[in-house]
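Q: Sharing a structure with you now.
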Amino acid sequence: SMLANDIYPNRFEFAKNKLLNSLDKIKDTRIAILGFANQAFLISPLTDDFSSLKFLIKNLYLDSISLTGTNILNILNSANELFDHTSTKQLLLLTDGGDRTDFSDEIDFANEHNIQVFIFDVASEQGSSIPIESGILEDAYGNLVIVKSNPHIKDLGKHTQGGYLKYSLGGEVLSKFINNFKQLSSSK
Numbered sequence: 005s006m007l008a009n010d011i012y013p014n015r016f017e018f019a020k021n022k023l024l025n026s027l028d029k030i031k032d033t034r035i036a037i038l039g040f041a042n043q044a045f046l047i048s049p050l051t052d053d054f055s056s057l058k059f060l061i062k063n064l065y066l067d068s069i070s071l072t073g074t075n076i077l078n079i080l081n082s083a084n085e086l087f088d089h090t091s092t093k094q095l096l097l098l099t100d101g102g103d104r105t106d107f108s109d110e111i112d113f114a115n116e117h118n119i120q121v122f123i124f125d126v127a128s129e130q131g132s133s134i135p136i137e138s139g140i141l142e143d144a145y146g147n148l149v150i151v152k153s154n155p156h157i158k159d160l161g162k163h164t165q166g167g168y169l170k171y172s173l174g175g176e177v178l179s180k181f182i183n184n185f186k187q188l189s190s191s192k
């Protein structure tokens with residue numbers, strides 16, 4: 005679904021570009037990067053070496069990931085293991101939210117492990133089809149698959165003392181969001 009092009013050039017590239025542009029405006033923090041679909045995978049451990057992070061992000065492509073689906077519980081579990089004994093556990097998900105309507109298991113897990121979840125929603129309400137090599141993705145009945153923003157993903161941020169931000173074409177929106185939740189952790 006991150007290949008949907010309701011956001012130019014597609015959701016995945018838009019999210020990558022927003023994150024790349026935000027790294028220059030984030031200070032005094034360590035960041036790890038995890039990728040996820042139906043499984044999570046480590047791209048970079050916690051680091052303050054943003055030059056290396058930029059290189060890794062620029063060179064991350066969906067065609068190198070053969071997984072499909074969205075399993076947010078897996079990314080929460082992987083993030084918790086990565087955070088280990090870190091006192092401040094904050095997770096930023098750049099996601100279209102998948103297709104689940106109930107995130108209660110994810111909320112329970114995040115709260116049990118003191119993870120604040122922040123959502124940067126990279127999907128539009130009108131949605132889009134998904135281009136694939138042979139044309140456009142269809143379901144088993146030959147109908148076009150249209151993927152839209154999942155409004156239920158807001159619950160995950162809201163009920164974990166995190167936050168939610170809808171994508172914007174504005175330049176510094178994501179970096180302001182990140183710096184804002186960094187301030188939340190320092191006020192605890």
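Numbering (the numbering used here), first residue to last: 5 to 192. Backbone N, C-alpha and C define an ideal beta-carbon position, used for all residues, glycine too. Quick caveat, the model's predicted, so the values are computed rather than measured.
Could you pull the start and end residues of the beta strand (DSSP E) that D125 belongs to?
A: As a working mapping, residue 125 is identified with position 121 in the sequence shown. Note, D125: beta strand (DSSP E), I119 to D125.
Q: Going by C-alpha to C-alpha distance, which of E85, Q165, L64 and N78 sits closest to L50?
A: Residue mapping note: residue 50 aligns to position 46 of the sequence shown, counting from 1. Cα-wise, what sits closest to L50 is E85.
Q: With DSSP run on the structure shown, which of helix, strand or coil describes K170?
A: The residue given as residue 170 occupies position 166 in the sequence shown. Here K170 sits in strand by DSSP.
Q: If we call anything under 8 Å between Cβ atoms a contact, is K170 one with D125?
A: One-based indexing of the sequence shown puts residue 170 at position 166. One-based indexing of the sequence shown puts residue 125 at position 121. In this structure, D125 lies closer than 8 Å to K170 by Cβ.
Q: In whole angstroms, what is the alpha-carbon distance linking K192 and L96?
A: Counted from its first residue, the sequence shown places residue 192 at position 188. Counted from its first residue, the sequence shown places residue 96 at position 92. Unreliable positioning characterises K192 in this predicted model, as indicated by a pLDDT of 49, which lies under 50. The coordinate reading is nonetheless provided below. Cα-Cα distance, rounded: 18 Å.
Q: If I measure Cβ to Cβ from I150 and keep anything under 8 Å in the same chain, skipping five residues before and after, which residues do I get?
A: Along the sequence shown, one-based indexing puts residue 150 at 146. Same-chain partners within the cutoff: G131, S132 and S133.
Q: Just to confirm, is the Cβ distance from I76 to L64 under 8 Å?
A: Reading the sequence shown from its first residue, position 72 is the one you call residue 76. Reading the sequence shown from its first residue, position 60 is the one you call residue 64. Taking 8 Å as the Cβ cut-off, I76 and L64 do not qualify as a contacting pair.
Q: Nearest-angstrom Cα distance between D112 and Q165?
A: On the sequence shown, residue 112 is found 108 positions in, with the first residue counted as 1. On the sequence shown, residue 165 is found 161 positions in, with the first residue counted as 1. So the two alpha carbons sit approximately 12 Å from each other.
Q: Among residues of its own chain, excluding the 5 on either side of R34, which ones have a beta-carbon nearer than 8 Å to its beta-carbon?
A: Position 30 of the sequence shown, counted from the start, is the residue given in the question as residue 34. The answer, listed in chain order, is L50, T51 and D52.
Q: Is V121 near L160, with beta carbons less than 8 Å apart?
A: The residue you call residue 121 lines up with position 117 of the sequence shown. The residue you call residue 160 lines up with position 156 of the sequence shown. Going by C-beta atoms, V121 is nearer than 8 Å to L160.
Q: Cutting at 8 Å between CB atoms, please list the residues of its own chain near K62, excluding the five before and the five after it.
A: For this step, residue 62 is matched to residue 58 along the sequence shown. Here the set comprises K20 and L24.
Q: So F16 is in the beta strand (DSSP E); what residue range does that whole segment cover?
A: As a first step, residue 16 is located in the sequence shown; it is residue number 12 there, counting from the start. Unbroken run through F16 is the alpha helix (DSSP H), R15 to L27; no beta strand (DSSP E).
Q: Using DSSP with H/G/I as helix, E/B as strand and the rest coil, what is A114?
A: As a first step, residue 114 must be located in the sequence shown, where it is residue number 110. It is helical.
Q: Report the option in S26, N115, A127 and K162 whose CA atom is closest to the CA atom of F54.
A: Reading the sequence shown from its first residue, position 50 is the one you call residue 54. Closest by alpha carbon: S26.
Q: Closest to G39 by CA distance: which of M6, G146, I140 and K31 is it?
A: Here residue 39 refers to the residue found at position 35 of the sequence shown. The candidate whose alpha carbon is nearest that of G39 is M6.
Q: Could you give the residue range of the beta strand (DSSP E) that holds F40?
A: Reading the sequence shown from its first residue, position 36 is the one you call residue 40. Taken as a continuous stretch (DSSP letters only), the beta strand (DSSP E) holding F40 covers I35 to F40.
Q: As a quick exercise: from D88, R104 and D100, pick the residue whose alpha carbon is nearest that of I11.
A: To locate residue 11, count along the sequence shown from 1; it is residue 7. Checking every option, the nearest Cα to that of I11 belongs to D100.
Q: Below 6 Å CB to CB, which residues in the same chain sit around F45 once its five sequence neighbours on both sides are set aside?
A: The sequence position of residue 45 within the sequence shown is 41, counting from 1. So the list reads G39, once near-sequence residues are dropped.
Q: Within a Cβ cutoff of 8 Å, which residues of the same chain sit near I79, ignoring the five residues on either side of it in sequence?
A: Counting from 1 along the sequence shown, the entry for residue 79 is found at position 75. Cβ neighbours of I79 beyond the five flanking positions: L38, F40, A44, L95 and L97.
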